[in-house]
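Chains as they are written, first to last, in the working numbering: chain A, 101 to 450; chain B, 101 to 450. Ideal Cβ placement from N, Cα and C applies to all residues, glycine included. For reference, the structure discussed in these notes is given below.
There are 2 protein chains.
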Amino acid sequence: MENAYYSQAVHGPFELHDIGNLELEEGGTIRGCNLAVATHGRLNAAKDNAILVPTWYSGTNKILEQVFIGPGRALDPEKYCIIVVNQIGNGLSSSPHNTPAPAGAGHFPRVRIGDDVRAQHRLVTQVLGLERLALVVGGSMGAQQTYEWAVRYPEMVQRAAPIAGTARNTEHDFLFTETLCEAITSDPGFARGFYRSPEDVREGLLRHAKMWAVMGWSTEFFQAKRYRTLGFSSLDDFIVNFMFAYFSTMDPNNLLCMAWKWQRGDVSRMTGGDLRAALGRIRAKTFVMPMSSDMFFPPADCQAEWRLIPDAEFRPVETIDGHLALFGADPNAIAQIDRHLKELLAAKVA
Amino acid sequence: MENAYYSQAVHGPFELHDIGNLELEEGGTIRGCNLAVATHGRLNAAKDNAILVPTWYSGTNKILEQVFIGPGRALDPEKYCIIVVNQIGNGLSSSPHNTPAPAGAGHFPRVRIGDDVRAQHRLVTQVLGLERLALVVGGSMGAQQTYEWAVRYPEMVQRAAPIAGTARNTEHDFLFTETLCEAITSDPGFARGFYRSPEDVREGLLRHAKMWAVMGWSTEFFQAKRYRTLGFSSLDDFIVNFMFAYFSTMDPNNLLCMAWKWQRGDVSRMTGGDLRAALGRIRAKTFVMPMSSDMFFPPADCQAEWRLIPDAEFRPVETIDGHLALFGADPNAIAQIDRHLKELLAAKVA
Numbered sequence: 101m102e103n104a105y106y107s108q109a110v111h112g113p114f115e116l117h118d119i120g121n122l123e124l125e126e127g128g129t130i131r132g133c134n135l136a137v138a139t140h141g142r143l144n145a146a147k148d149n150a151i152l153v154p155t156w157y158s159g160t161n162k163i164l165e166q167v168f169i170g171p172g173r174a175l176d177p178e179k180y181c182i183i184v185v186n187q188i189g190n191g192l193s194s195s196p197h198n199t200p201a202p203a204g205a206g207h208f209p210r211v212r213i214g215d216d217v218r219a220q221h222r223l224v225t226q227v228l229g230l231e232r233l234a235l236v237v238g239g240s241m242g243a244q245q246t247y248e249w250a251v252r253y254p255e256m257v258q259r260a261a262p263i264a265g266t267a268r269n270t271e272h273d274f275l276f277t278e279t280l281c282e283a284i285t286s287d288p289g290f291a292r293g294f295y296r297s298p299e300d301v302r303e304g305l306l307r308h309a310k311m312w313a314v315m316g317w318s319t320e321f322f323q324a325k326r327y328r329t330l331g332f333s334s335l336d337d338f339i340v341n342f343m344f345a346y347f348s349t350m351d352p353n354n355l356l357c358m359a360w361k362w363q364r365g366d367v368s369r370m371t372g373g374d375l376r377a378a379l380g381r382i383r384a385k386t387f388v389m390p391m392s393s394d395m396f397f398p399p400a401d402c403q404a405e406w407r408l409i410p411d412a413e414f415r416p417v418e419t420i421d422g423h424l425a426l427f428g429a430d431p432n433a434i435a436q437i438d439r440h441l442k443e444l445l446a447a448k449v450a
Numbered sequence: 101m102e103n104a105y106y107s108q109a110v111h112g113p114f115e116l117h118d119i120g121n122l123e124l125e126e127g128g129t130i131r132g133c134n135l136a137v138a139t140h141g142r143l144n145a146a147k148d149n150a151i152l153v154p155t156w157y158s159g160t161n162k163i164l165e166q167v168f169i170g171p172g173r174a175l176d177p178e179k180y181c182i183i184v185v186n187q188i189g190n191g192l193s194s195s196p197h198n199t200p201a202p203a204g205a206g207h208f209p210r211v212r213i214g215d216d217v218r219a220q221h222r223l224v225t226q227v228l229g230l231e232r233l234a235l236v237v238g239g240s241m242g243a244q245q246t247y248e249w250a251v252r253y254p255e256m257v258q259r260a261a262p263i264a265g266t267a268r269n270t271e272h273d274f275l276f277t278e279t280l281c282e283a284i285t286s287d288p289g290f291a292r293g294f295y296r297s298p299e300d301v302r303e304g305l306l307r308h309a310k311m312w313a314v315m316g317w318s319t320e321f322f323q324a325k326r327y328r329t330l331g332f333s334s335l336d337d338f339i340v341n342f343m344f345a346y347f348s349t350m351d352p353n354n355l356l357c358m359a360w361k362w363q364r365g366d367v368s369r370m371t372g373g374d375l376r377a378a379l380g381r382i383r384a385k386t387f388v389m390p391m392s393s394d395m396f397f398p399p400a401d402c403q404a405e406w407r408l409i410p411d412a413e414f415r416p417v418e419t420i421d422g423h424l425a426l427f428g429a430d431p432n433a434i435a436q437i438d439r440h441l442k443e444l445l446a447a448k449v450a
């Protein structure tokens, strides 16, 4: 299904890498799995300056480039080779909307965080020839992938920075994501994923966007009328011209593919459900960085996991922008993240 | 429309008082407006021991009786005459489901918090002959009515205890409630309010219930698996046998009537939008009691209002049960509320 939103014009430049067939944990296979990759900076001769950045729900390489990457920043392309890999289902990598029938749309297979990380591992080892990652850093679902990397390939990940996300998704977060999914699937136009156009699911997408407005920011964000600072004249203006505008161009099946994956993020699948054993496998120096006002990946949930990681520091980011401080609208939050990441990158590791 | 849930068998005993036609702020009229009232204890000769308790969203006099009223409690029927008035739209007082066509169902008029409070005022002054209320206390939408009482009739309200609610609803809370409404109205079976049976709106009611699960408790509640303590074996069991069971028997139009009212609670309508002027009118000794972990009436929002009330104390209730600590499942939270209310009732007032 054509969708101009998922294009080089909007999100480029990125390269497509066909990593071959990807057999999935749930039993399906993505044939000729494409990973969309944006690279900033160059690999050095020792191949020890690679940073991997996985993407979050609905995000692509573009926002990560805009908010986190640049000369003088922690993620400095003059020092590091920064590899941003779009997650499966995000619309640039293999996704429901860009996979031809019969395997696309409502028939796209179930993908797990572990599938993404195995696909990324194939990319960085077989295509890019890397043996080590100086840092894996990501926010939200990017944090889920960061944890999965650090647990699954402990010998490869030297440093890890999960921001605003958890290693094992909580029941509360699962429920929240379920309500997001139901906002979309309950739209009669959704037709079990076989709509003719995302326009047919417009009402569902808008409900989904409004629920993001409720949970994505924080009560303090609205109390302070932060949306005015961001250039919106009123709550309505903000809902329509930011929240609706952001989500309404996206493909419903793509969002649902990511949401299903998000709900089930769980590194303890590798250790028979034992979270302590899973997190105990991590050898990366790890900074756990929740957003202080996050309503669904709250600091307390992240802190509980931090305690189980051998060499980890708990570095909450003070902000009233909630989870969506990831969007970069609070420069103070971004400055804190940069400071933490610089310190982490400067830390000696084994 | 018959609905066995809204009955004496389930919620009684209560009495129906026809207070006559109620002209509404939005322009409609409820003809022969019925208020369902449950009274505990007796009025003394001086008529100075009356306590008014308005109800919250979806709640009735029954849960207030079960959780807050009893000998030895702050709301002690041996000392006070405790008058629990069901809010308009809650299914016991005049409501969409029990108002005959053409004014019922989807044609039930818009009701505001101020309409409820004027109706209650008519009841307590004209029917019960009271000039003074020793205390008005309510949770959530009951807190909205409590504030409205204290601002609108300052000479009548000697003490006020708004629990887990605000005087002027916040934009965040408005948004949350909007998503609750849309969960119901987006169900094709809703048919603009002219469904044949609530069963036709089943899916919408269940989505609405699940969103309550996300926002009604707290992330700590789920982290601690509090639902197990409450007798539910798993998250699914809790969602189905508590959240779904609770809401699925209710009438969709009734819920929407209350939600619309809840969204627009605002005592500053009496003072041209000036909240400081409105809260400055309060002469009641007031205890402002948010739940510490409330996700949509958070302590910070309640604290901002508390600062504007002349004789008020800020008494947050420590609990991880979030907003729905009102249900009484955390005995420690209920004990705190009882302690505060006893102190408030013991306080000398002018």
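Measuring straight from C-alpha to C-alpha, what distance separates I420 of chain B and T139 of chain A? 44 Å
Compute the beta-carbon to beta-carbon distance between I357 of chain A and F114 of chain A, rounded to the nearest angstrom, for a pair I have assumed lies under 8 Å. Before going on, a small fix: residue 357 of chain A reads as Cys here, not Ile. With 8 Å as the limit, C357 of chain A and F114 of chain A do not qualify as a contact, their Cβ atoms being about 19 Å apart.
Three or more C-beta pairs under 8 Å: does that hold for the segment 125–140 of chain A against the segment 399–417 of chain A? no
Using a Cβ cut-off of 9 Å (strictly closer), state whether G304 of chain B contacts chain A. yes
For E413 of chain B, which beta-bridge partners are listed by DSSP? B:F387
Let me confirm a value: S334 of chain B is counted as buried when at least 16 other C-beta atoms fall within 10 Å, else exposed. Which label applies? exposed
Compare the C-beta of W406 of chain B with all C-beta atoms of chain A and state if any pair is closer than 9 Å. False, the Cβ-Cβ gap to chain A never drops below 9 Å.
Apply the 10 Å Cβ neighbour rule to Q220 of chain B and answer buried if 16 or more other Cβ atoms are within range, or exposed otherwise. It is buried - the Cβ of Q220 of chain B has at least 16 other Cβ atoms within 10 Å.
Contact residues within the segment 298–323 of chain B, judged by C-beta distance below 7 Å to chain A: E303, R307, K310, M311, A313, V314, T319, E320, F322 and Q323
Are Y105 of chain B and G191 of chain B touching if we call contact CB-CB under 9 Å? yes
The alpha helix (DSSP H) spanning D401 of chain B covers which residue range? P399 to W406
Where do the N-terminal and C-terminal ends of the beta strand (DSSP E) with T463 of chain B fall, by residue? Here chain B has residues from 101 to 450 only, and residue 463 of chain B is not among them.
Three-state secondary structure assigned by DSSP to G331 of chain A: Coil.
In angstroms, rounded to a whole number, what distance separates the CA positions of D337 of chain B and F347 of chain B? When rounded, the distance between both Cα atoms is 15 Å.
Taking the DSSP output, what are the residues bridged to I182 of chain B? B:H140 and B:I151
Candidates B:L235, B:F342 and B:T199, of which the one nearest G316 of chain B by Cα: B:F342
Short of 8 Å Cβ to Cβ, which residues in the segment 387–399 of chain A face chain B? Residues M395, F396 and P398.
Establish whether the CB of H440 of chain B and some CB of chain A are separated by less than 9 Å. no
What is the DSSP secondary structure of R296 of chain B, reduced to helix, strand or coil? coil
Can you find at least 3 beta carbon pairs, one from the segment 368–386 of chain A and one from the segment 258–278 of chain A, that sit closer than 8 Å? yes
Check the Cβ-Cβ distances between A283 of chain B and every residue of chain A, and say whether any is below 9 Å. yes
Should Q244 of chain A be labelled buried (16 or more other beta-carbon atoms within 10 Å of its own) or exposed? Of the residues assessed, Q244 of chain A falls on the buried side of the cut-off, its CB having 16 or more other CB atoms within 10 angstroms.
Assuming L390 of chain A and A267 of chain A are in contact, meaning their beta carbons sit under 8 Å apart, how far apart are those beta carbons, in whole angstroms? Note that residue 390 of chain A is Pro in the sequence shown, not Leu. Incorrect: roughly 12 Å between the Cβ atoms, too far for contact.
Whole alpha helix (DSSP H) runs in the segment 268–296 of chain A with 4 or more residues, listed along the chain? 271–285
Let's test the definition: count the other Cβ atoms within 10 Å of the Cβ of S297 of chain A and tell me whether it reaches 16, buried, or not, exposed. exposed
So, for L330 of chain B: in the same chain, excluding its five sequence neighbours on each side, which residues have a beta-carbon less than 7 Å away from its beta-carbon? Annotation for L330 of chain B: A429 place their beta carbon closer than 7 Å to its own, counting only its chain and skipping 5 residues before and after.
CB contact below 9 Å: L335 of chain A versus chain B: yes
Inter-stretch contact (C-beta, 8 Å, three-pair minimum) for the segment 219–238 of chain A and the segment 139–154 of chain A: yes
Contact with chain B by P288 of chain A, beta-carbon distance below 9 Å: yes
Grab me the residues of G128 of chain A's own chain with a C-beta within less than 7 Å of its C-beta, minus the 5 sequence neighbours each way, in chain order. Once the five neighbours on either side are set aside, the close Cβ partners of G128 of chain A are P209 and R210.
Counting along the chain, where does the alpha helix (DSSP H) carrying A359 of chain B start and finish? DSSP places A359 of chain B inside the alpha helix (DSSP H), whose first and last residues are P352 to Q363.
N-terminal and C-terminal residue of the beta strand (DSSP E) that I263 of chain B is part of: R259 to I263
Burial state of G489 of chain B, where buried means 16 or more other Cβ atoms lie within 10 Å: Given that chain B is displayed from residue 101 to residue 450, the structure contains no residue 489 of chain B and the question cannot be resolved.
Closest to V110 of chain B by C-alpha separation, out of B:G159, B:I151 and B:R131, would be which residue? B:G159
Other residues of its chain near F396 of chain A: CB distance less than 7 Å, five sequence neighbours each side excluded: Hits under 7 Å: H272, D273, F276, M315 and H423.
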